[in-house]
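First up is the structure itself, then whatever we jot down about it.
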């Protein structure tokens, strides 16, 4: 791939960040370097021994990244499984675990050097249906029987909280919730993966939502409209 004269964008995220490796992930004048820690959770960001070793991977990438723009997308595993599992296992309220998750996410964003322009990409809404027990991911999450509508609402709550944080700290946020649901409150059919065992969005449809909004954010960055982050 030819990168001469293009600016690098570092993408940090879980397996959903892999969409930026697809052929349609193109923005004139830029190229993507993707660190996709499969299974990464916001909850595990403060655990250096987590299975995904996401924090280690992200810190290493940031240490060697000399560009100015960083896209971050995390949380699908948390709102779709971990928050509910931990609440059940430890006898905690879901809201309590949720607040800790939000706090962890914000703390991680604040570790990114302030001279980097952060662009937060919303957590994909859940696609694993109620009672679905086929597919690797569905099988791993079968211990949690939380209805799809509740998982969807929790994901929307996370995206809303992170958008509010972003807006108050001069950070760009691309929240796709409003354009990802149909009138019935379900993920739009065109976003669903053609493989019923794959919980990731269809890459082409996902990028069709991301790229135009990312271009707008990048135009703001280039025109220096982004304000400096504060603690």
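In the numbering used here, the protein residues as written are 1 to 231.
Just so it is clear, CB atoms sit at the ideal spot from N, CA and C, and this is done for glycine as well.
Being a predicted model, the structure only gives us computed values, none of them experimental.
Say the cut is 7 Å; is the CB of residue i nearer than that to a heavy atom of the ligand HEM?
i           : result
residue 173 : Among the components modelled here there is no ligand, and therefore nothing to report on the ligand HEM.
Could you check if residue i is buried or exposed, using at least 16 other CB atoms within 10 Å of its CB as the buried criterion?
i           : result
residue 204 : exposed
residue 179 : exposed
residue 95  : exposed
residue 159 : buried
residue 217 : buried
residue 219 : exposed
residue 43  : buried
residue 5   : exposed
residue 194 : exposed
residue 126 : buried
residue 101 : buried
residue 91  : exposed
residue 29  : exposed
residue 3   : exposed
residue 98  : buried
residue 104 : buried
residue 84  : buried
residue 151 : buried
Could you check what DSSP says for residue i in three-state terms: helix, strand or coil?
i           : result
residue 85  : helix
residue 76  : helix
residue 183 : coil
residue 122 : coil
residue 30  : strand
residue 176 : coil
residue 211 : helix
residue 136 : Low confidence applies to residue 136: its pLDDT is 45, below 50, so where it sits in the model is not reliable, and the reading given next is rough at best. Reduced to three states, the DSSP call for residue 136 is helix.
residue 244 : Lying outside 1 to 231, the shown extent of the chain, residue 244 is not represented and no answer is given.
residue 8   : strand
residue 109 : helix
residue 13  : strand
Could you give the C-beta distance for residue i and residue j, rounded to a whole number, given that I count them as a contact under 8 Å?
i           : j           : result
residue 154 : residue 79  : 5 Å
residue 122 : residue 198 : With 8 Å as the limit, residue 122 and residue 198 do not qualify as a contact, their Cβ atoms being about 19 Å apart.
residue 263 : residue 72  : As displayed, the chain neither begins before 1 nor continues past 231, which places residue 263 out of reach and without an answer.
residue 221 : residue 69  : 6 Å
residue 58  : residue 35  : 6 Å
Spell out a yes or no on whether the region 79–88 and the region 11–19 are touching, meaning 3 or more CB-CB pairs, one atom from each, closer than 8 Å. no
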